[in-house]
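All remarks here apply to the structure that follows.
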Amino acid sequence: MIEAIGVLQNNNIEDALIANYDFEPISVQHSIIKTVTETKPDKGLEFLKSAFYKTFDTSLKITIGRAIYNYDNDGVNLINEMESKIDDGFENLIFKHIKNPLIKV
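Its first residue numbered 84, the sequence shown is counted upward by one per residue in the working numbering.
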């Protein structure tokens, strides 16, 4: 259902999805990320960045990172900026994987 909203480009629902994101199970969060990536709302990158830093689920973090990276040129720049501020080895590996999926996490 959530992914259908993305296909239909229903911008009226996006704000509600983003507002409820933190309260949804991880499977629904994945769908919300996909919808935001497809519809690219005005605050999409800001939301994705916030979601990336909030999650502790590695799979979801990678999904969000890929969504940011593939968003547009601003997304690529944001990933590079976020990566430059990382000291943690595992987080650094996640960023390398986002840029090159052949690098395994």
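Where a beta carbon is used, it is the ideal one built from N, C-alpha and C, also for glycine.
Note that the coordinates shown come from a computational prediction; the quantities given were computed from them, not determined experimentally.
### Task
Go ahead and pull the three-state DSSP assignment for Lys182.
It is helical.
### Task
For Leu91, name the three-state secondary structure that DSSP assigns.
Its pLDDT being 49, under 50, Leu91 is placed unreliably by the model, and the measurement read from it follows with that caveat. It is helical.
#### Entry: Supposed contact pair Ile116 and Gly148 - C-beta distance, whole angstroms, cut 8 Å
Wrong, their Cβ atoms sit about 10 Å apart, outside the cutoff.
### Message
Quick check on DSSP: helix, strand or coil for Phe130?
### Response
The answer is helix: DSSP assigns Phe130 an H, G or I state.
### Query
In whole angstroms, what separates the C-alpha of Pro184 from that of Lys144?
Between Pro184 and Lys144, the C-alpha separation is close to 14 Å.
### Message
Quick check: the Cα distance between Tyr152 and Val188, rounded to an integer number of angstroms?
### Response
Straight-line measurement puts the Cα of Val188 at about 17 Å from the Cα of Tyr152.
### Query
According to DSSP, is Ile101 helix, strand or coil?
Three-state result, Ile101: helix.
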